[in-house]
Amino acid sequence: MAETPNINELREACGSDELCHVFTFLESQDMTEDEGFLIRMGDESTKLRAKLDKRNDTIDEAWSFGPDNEVAKAGEHCLVESQVRDRRRLDLIAQLLLLTREGLEEKKAHIEKIKAIQTQKRVRRCPDPEYARKMIVAIDAVRVRGDSVGGVVTCIVRNLPGDLVHQFLTNLKLNWLRQLYQYLQPRALSLAVDLQVFHHH
Numbered sequence: 001m002a003e004t005p006n007i008n009e010l011r012e013a014c015g016s017d018e019l020c021h022v023f024t025f026l027e028s029q030d031m032t033e034d035e036g037f038l039i040r041m042g043d044e045s046t047k048l049r050a051k052l053d054k055r056n057d058t059i060d061e062a063w064s065f066g067p068d069n070e071v072a073k074a075g076e077h078c079l080v081e082s083q084v085r086d087r088r089r090l091d092l093i094a095q096l097l098l099l100t101r102e103g104l105e106e107k108k109a110h111i112e113k114i115k116a117i118q119t120q121k122r123v124r125r126c127p128d129p130e131y132a133r134k135m136i137v138a139i140d141a142v143r144v145r146g147d148s149v150g151g152v153v154t155c156i157v158r159n160l161p162g163d164l165v166h167q168f169l170t171n172l173k174l175n176w177l178r179q180l181y182q183y184l185q186p187r188a189l190s191l192a193v194d195l196q197v198f199h200h201h
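Counted from 1, the sequence shown has number 174 at position 174 by the UniProt record's numbering; the numbering is strictly sequential.
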């Protein structure tokens with residue numbers, strides 16, 4: 001395996017060995033830095049805009065001395081050059097703010113994507129490949145229609161000792177529901193469940 005010093009450092013920082021946590025931690029850190037940058041640049045933009053407005057008034061005052069006042073004329077010229085340059089600065093700050101906001105939305109999408117992939121990895125599929133394929137086809141057909149998904153899940157367990165039946169069935173229900181909610185939650189899907197378990201002797 002290749003050496004991954006940066007990944008190892010992130011694992012230690014986020015307190016988890018799972019790559020899902022590593023990458024979401026990194027993206028979250030970047031988002032925090034970007035949000036701080038937006039605040040700082042927003043303040044800088046406000047100050048620069050106020051400075052431009054005030055300088056514009058000063059330019060008008062310099063112009064009021066008339067064309068025969070060489071000092072006022074030279075001062076006005078200098079102020080206009082500074083005004084042009086600072087307006088370019090203001091435009092660049094606006095572009096930086098826009099890029100940073102777009103980057104924040106992009107990183108939010110990255111985090112959701114990584115979480116969805118991790119959740120998908122945890123989903124337990126039917127061990128019978130033929131039934132699994134049929135289930136996937138049926139679910140995809142429902143998605144295309146934009147409809148909800150419904151169905152019956154049947155689980156058959158053989159040779160289970162009688163004294164373990166209650167504990168097993170309780171754990172089965174809890175684990176199944178947990179996996180299902182983990183899959184649905186990142187996708188903003190709702191779930192209504194009527195789960196019944198029968199023990200056949």
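Yeah, the Cβ is synthetic: ideal placement off N, Cα and C, and Gly gets one too.
Proline 127, DSSP secondary structure in three states: Coil.
Beta-carbon gap between leucine 104 and aspartate 60 smaller than 8 angstroms: Judged by beta-carbon spacing, aspartate 60 lies beyond the 8 angstroms limit of leucine 104, meaning their Cβ atoms are not closer than that value.
Contact set for proline 127: own chain, Cβ-Cβ below 8 angstroms, skip 5 residues either direction: Here the set comprises nothing.
Residues near leucine 92 by beta carbon distance below 6 angstroms, same chain, minus five either side: Result list for leucine 92: empty, nothing under 6 angstroms.
Straight-line Cα distance separating lysine 113 from cysteine 14: Cα to Cα, cysteine 14 sits roughly 19 angstroms from lysine 113.
Candidates Thr100, Val144, Ala94 and Phe168: closest to leucine 48 by CA position: Selected option, being the one with the closest Cα: Ala94.
Beta-carbon proximity list for arginine 55, same chain, < 8 angstroms, skipping 5 on both sides: Taken in chain order, the residues that qualify are Leu79, Ser82, Gln83 and Asp86.
Same chain, Cβ closer than 8 angstroms to threonine 100, five either side skipped, listed in chain order: So the qualifying residues of the chain are Asp34, Phe37, Leu38 and Met41.
Anticipated Cβ contact below 8 angstroms, lysine 115 with threonine 32, distance rounded: About 18 angstroms separates the two Cβ atoms, so there is no contact after all.
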